[in-house]
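Report on the following structure.
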Amino acid sequence: MKGVLLPLLVFWVVFGIANALSLPSQCGGSSDWATFGSEPLLFACEHKLAFAAVLVVALIVMVVKLRRA
């Protein structure tokens, strides 16, 4: 079971990092989609590098666990 779940989790975390980094840096402006979801999206846009950093740490922890297993 671990042989299937850990690579899937690694892929999911890498996908999350890519999504976090693809958020716009500024959520203001004339774009209508920036206000969609209001508070959570605004928070994510302002702190996208922090979200990506947390996911990178999770990725490192998973890779270490994969190597020890």
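Start counting the sequence shown at 12; every next residue gets the next number (my numbering).
A virtual CB, placed ideally from N, CA and C, is assigned to each residue, including glycine.
Owing to the predicted nature of the structure, the values given are computational and were not obtained by experimental measurement.
When the Cα atoms are used, leucine 77 and leucine 17 turn out to be separated by approximately 7 Å. Nearest neighbour of serine 33 by Cα position, chosen from Gly14, Phe62, Val21 and Val15, turns out to be Phe62.
Around the Cβ of alanine 64, a 10 Å sphere holds fewer than 16 other Cβ atoms; the residue is exposed.
Taking phenylalanine 22 as reference, the option from His58, Leu60 and Leu70 with the minimal CA-CA separation is Leu70.
Approximately 5 Å separates the beta-carbon atoms of alanine 31 and lysine 59; this is inside 8 Å, confirming the contact.
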